[in-house]
Amino acid sequence: MKDLSELQGQIDSIKAEIREKAESVARNSKDLYEMRKSFLDSKQGKLSALMKEMAQVPGDQKASFGKAVNEAKQWALGFFEDIDKKVREQELKLRYESEKIDISMPAKKKECGNLHPITTVRNQLIDIFTGMGFSVYEGTEIENDFYNFTALNTPQDHPARDMQDTFYLSPEFLLRTQTSAGQIHVMESTKPPIKIVSPGKVFRSDDDATHSPMFSQMEGLVVDEGITLCDLKGSLDMFVKQIFGEQTTTRLRPSYFPFTEPSVEVDVSCFECGGKGCKLCKGTGWIEVLGAGVVNKKVLENCGIDSEKYSGFAFGLGLERIAMLKYGINNIKMLFESDLRVLEQIDD
Ligand code: DAH
Numbered sequence: 052m053k054d055l056s057e058l059q060g061q062i063d064s065i066k067a068e069i070r071e072k073a074e075s076v077a078r079n080s081k082d083l084y085e086m087r088k089s090f091l092d093s094k095q096g097k098l099s100a101l102m103k104e105m106a107q108v109p110g111d112q113k114a115s116f117g118k119a120v121n122e123a124k125q126w127a128l129g130f131f132e133d134i135d136k137k138v139r140e141q142e143l144k145l146r147y148e149s150e151k152i153d154i155s156m157p158a159k160k161k162e163c164g165n166l167h168p169i170t171t172v173r174n175q176l177i178d179i180f181t182g183m184g185f186s187v188y189e190g191t192e193i194e195n196d197f198y199n200f201t202a203l204n205t206p207q208d209h210p211a212r213d214m215q216d217t218f219y220l221s222p223e224f225l226l227r228t229q230t231s232a233g234q235i236h237v238m239e240s241t242k243p244p245i246k247i248v249s250p251g252k253v254f255r256s257d258d259d260a261t262h263s264p265m266f267s268q269m270e271g272l273v274v275d276e277g278i279t280l281c282d283l284k285g286s287l288d289m290f291v292k293q294i295f296g297e298q299t300t301t302r303l304r305p306s307y308f309p310f311t312e313p314s315v316e317v318d319v320s321c322f323e324c325g326g327k328g329c330k331l332c333k334g335t336g337w338i339e340v341l342g343a344g345v346v347n348k349k350v351l352e353n354c355g356i357d358s359e360k361y362s363g364f365a366f367g368l369g370l371e372r373i374a375m376l377k378y379g380i381n382n383i384k385m386l387f388e389s390d391l392r393v394l395e396q397i398d399d
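In structure tokens, the structure reads:
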């Protein structure tokens, strides 16, 4: 038999244990939950276990003992509730601290790619010319000597072959030096009226600040009845206004290309100074942008087109040159080095 005071002592020491542990152990709600369980769980809890002692309590003291244990349980419940409230408040405070965001901080920059300037220029030119009714013909980079030179009125030993230092793959095949080769393919396979532009890569053994062994050109070809140099001038005027600005005009200077007669070099009025003379136009007010001319009758005939009935104009321009002028780039290598610091600045 146990007497009530002995059991009361047990209750008191459990209470003291709860107080002490609550201070040191219960730092978070999970620990606190575990601790509460260890005292109040109906099966394993220390306070609940006291009830098992009932059997050893003399009959007349059982009621008082039960009451004392229940009071201790009530006290413990309230005690844990208070601590739990404090612990949760503390936890919430810590969470707010750690999840605090500074909305005045600059946002992280999202890297976003853009098209290469040559692609942009190419797309713009295609847009402009298709807008004028041209279609797009894509030739091949490996060409037959015939298409690249002979059919363009530049037979073997023609001095104009020296104008383009050619990469030969074999006596017959070469890397095309000009998109003009496409003119022949189109005229061979299509009956006039013909109205095409042909963009693509070309290759020449040439390497300095304004030349690269690989560069891009765009060819233009119109063949129909009654086509004259005036049609060329009119089409180019429309084109330069769209690419360099409304005020831009063109000027034709006599030149020589084997596949055009007459041949011209086309200048645009300087879009930087409006024609007054500046660094870009080297004080002349004009900038050379492309070669062009009336299609040589011999070239039409080489392709089986009646040169008495039909005439045409053709032009060829360098995309790198247009990009360099448009974006103020003075070394062609900047277009091929893929330096993001440079390319990022060119976004049209
Ligand atoms: N193919 C010439 C070159 O690469 C450019 C050219 C000039 C093309 C006159 C033409 C043209 O169609 O008519 O230098």
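Quick note on numbering: the sequence shown equals residues 52 to 399 in the working numbering. C-beta atoms are modelled at their ideal positions from N, C-alpha and C, and glycine is treated no differently.
Just to confirm my understanding: we take residue 193, look at its own chain, exclude 5 residues before and 5 after, and list those with CB closer than 7 Å. What are they? Counted from its first residue, the sequence shown places residue 193 at position 142. Counting only Cβ-Cβ distances below 7 Å, and skipping sequence neighbours, we find 220, 224 and 226.
Would the beta-carbon of residue 251 be found less than 8 Å away from any heavy atom of the ligand DAH? To locate residue 251, count along the sequence shown from 1; it is residue 200. No.
Is residue 211 near residue 272, with beta carbons less than 9 Å apart? Here residue 211 refers to the residue found at position 160 of the sequence shown. Here residue 272 refers to the residue found at position 221 of the sequence shown. Going by C-beta atoms, residue 211 is not nearer than 9 Å to residue 272.
Beta strand (DSSP E) segment containing residue 188, residue limits: Within the sequence shown, residue 188 is the residue found at index 137, counting from 1. Here residue 188 belongs to no beta strand (DSSP E), and DSSP marks it neither H nor E.
Hey, is the segment 81-90 in contact with the segment 142-158, meaning 3+ C-beta pairs nearer than 8 Å? no
Should residue 147 be labelled buried (16 or more other beta-carbon atoms within 10 Å of its own) or exposed? Here residue 147 refers to the residue found at position 96 of the sequence shown. Residue 147 comes out exposed.
Do you know offhand how far residue 392's Cα is from residue 178's? Translated into the one-based positions of the sequence shown, residue 392 becomes position 341. Translated into the one-based positions of the sequence shown, residue 178 becomes position 127. So the two alpha carbons sit approximately 28 Å from each other.
Quick check on residue 76: buried or exposed, where buried means 16 or more other Cβ atoms within 10 Å of its Cβ? Here residue 76 corresponds to residue number 25 of the sequence shown, with the count starting at 1. Residue 76 is exposed by the Cβ-count criterion.
Quick check for students: name the residue ranges of the beta strand (DSSP E) that lie wholly in the segment 308-340, counting only runs of 3 or more. 311-320
Between the segment 266-280 and the segment 345-362, are three or more C-beta pairs nearer than 8 Å? yes
DSSP-derived helix/strand/coil call for residue 120: As a working note, residue 120 is residue 69 in the sequence shown. Three-state DSSP puts residue 120 in a helix.
Apart from the five residues on each side of it in sequence, which residues of its chain come closer than 8 Å, Cβ to Cβ, to residue 173? Position 122 of the sequence shown, counted from the first residue, corresponds to residue 173. Within the same chain, residue 173 has close Cβ partners 250, 267, 269 and 370.
Is any non-hydrogen atom of the ligand DAH found closer than 8 Å to the C-beta of residue 279, if you look at the structure I gave you? By 1-based counting over the sequence shown, the position of residue 279 is 228. The answer is no for residue 279.
Which residue or residues does DSSP assign as beta-bridge partners of residue 270? Locating residue 270 in the sequence shown gives position 219, counting from the first residue. Bridge partners of residue 270: 249 and 367.
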